[in-house]
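Novice: Protein chains in written order, with my numbering: chain A, 1 to 113; chain B, 114 to 234.
1) Could you give the DSSP three-state label for residue 112 of chain A: helix, strand or coil?
2) Ends of the beta strand (DSSP E) at residue 125 of chain B?
3) Look at the alpha carbon of residue 130 of chain A and the alpha carbon of residue 228 of chain B, and state the distance between them as a whole number of angstroms.
4) Would you identify the three-state DSSP class for residue 44 of chain A, choosing helix, strand or coil?
5) For residue 217 of chain B, count neighbouring C-beta atoms within 10 Å of its own C-beta (all shown protein chains included) and say buried if the count is 16 or more, exposed if not.
6) Take the Cβ of residue 185 of chain B as the centre, count every other Cβ of all protein chains shown within 10 Å, and call the residue buried at 16 or more, exposed below.
7) Distance check for residue 225 of chain B and residue 173 of chain B, CA to CA, integer angstroms please.
8) Output yes or no for whether 7 Å exceeds the beta carbon distance between residue 211 of chain B and residue 169 of chain B.
9) Just checking, does the region 178–196 of chain B make contact with the region 137–153 of chain B on the three C-beta pairs under 8 Å criterion?
10) The beta strand (DSSP E) with residue 180 of chain B in it runs from where to where?
11) Could you check if residue 29 of chain A belongs to the surroundings of the ligand MG, using beta carbon to heavy atom distance under 6 Å?
12) Secondary structure at residue 13 of chain A, three-state DSSP: helix, strand or coil?
13) Is the beta carbon of residue 23 of chain A closer than 7 Å to that of residue 6 of chain A?
14) Would you report the Cα separation of residue 96 of chain A and residue 147 of chain B, rounded to the nearest angstrom?
15) Any idea what DSSP makes of residue 82 of chain A, helix, strand or coil?
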């Protein structure tokens with residue numbers, strides 16, 4: 001079982017719809033939770049990061065963390081064709097060395113005009 | 114803020130030659146930089162972690178003599194693919210993490226470069 005599970009998609013939605021993405025994880029010690037957007041042949045771009053359970057909003061994006069269920073979500077409101085990309089969730093387990101990112105496999109999103 | 118520049122974006126080289134990729138943090142000091150490799154339709158695979166002024170720590174299965182990493186300053190890390198072969202063709206991405214990259218907590222967050230596509234003929 002992977003430490004972080006993410007549905008690969010593709011997730012296809014019409015323009016203007018809400019995109020709902022989620023990841024589940026197995027290690028309850030993860031402390032930071034990030035969402036990255038990656039366009040084809042580009043590096044990942046940080047969208048949001050959270051540290052605690054609850055909601056965090058930034059423009060059209062809302063990130064949710066439920067540590068008790070080991071479940072995180074990203075919602076994209078009023079989706080645009082330019083939101084078509086692969087979305088990666090990532091988590092950090094803070095420790096003395098490394099603080100490496102553990103990625104989900106990514107969800108490909110297609111927003112159709 | 115938190116901009117990471119990676120250069121070149123695309124490089125084509127002949128088999129047996131070496132290629133150097135640069136990764137720079139433009140507006141913060143990167144105490145730690147990471148190098149990843151990504152195959153098509155797959156997630157990022159961590160190759161190595163480097164701290165400024167120290168030797169890089171390589172992930173299991175990554176040849177340290179083939180993938181030379183130097184992190185000589187707080188804003189620059191380089192990855193050199195030595196004696197490149199066609200199987201080294203891939204998308205290489207760096208990331209950086211630093212103590213002054215934005216708001217509280219951001220020091221633990223990795224910011225990525227745009228990636229380098231390496232094609233070895």
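Glycine included, C-beta positions come from ideal geometry on N, C-alpha and C.
Keep in mind the model is a prediction, meaning the values are calculated, not measured.
Specialist: By the coordinates alone:
1) Under the three-state reduction of DSSP, residue 112 of chain A is assigned to strand.
2) Going by DSSP, residue 125 of chain B is part of the beta strand (DSSP E) stretching over 123–126.
3) Look at the range of chain A in this structure, 1 to 113, and you will see that residue 130 of chain A is not part of it.
4) Residue 44 of chain A falls in the coil class under three-state DSSP.
5) Unreliable positioning characterises residue 217 of chain B in this predicted model, as indicated by a pLDDT of 45, which lies under 50. A coordinate reading is not provided.
6) By the neighbour-count rule (16 or more Cβ atoms within 10 Å), residue 185 of chain B is not buried but exposed.
7) Residue 173 of chain B and residue 225 of chain B have their C-alpha atoms some 22 Å from each other.
8) 7 Å or more divides the Cβ of residue 211 of chain B from the Cβ of residue 169 of chain B.
9) Yes: the two stretches touch, three or more of their Cβ pairs being nearer than 8 Å.
10) Residue 180 of chain B -> beta strand (DSSP E) spans 180–186.
11) As presented, the structure is devoid of all ligands, the ligand MG included, so that no description of it is given.
12) Under the three-state reduction of DSSP output, residue 13 of chain A falls in the strand class.
13) In this structure, residue 23 of chain A lies closer than 7 Å to residue 6 of chain A by Cβ.
14) At residue 96 of chain A the pLDDT is 47, less than 50, meaning the model places this residue with poor confidence; the figure from the coordinates comes in the next sentence. Put simply, the backbone Cα of residue 96 of chain A is about 16 Å away from that of residue 147 of chain B.
15) DSSP places residue 82 of chain A in helix when its eight states are reduced to three.
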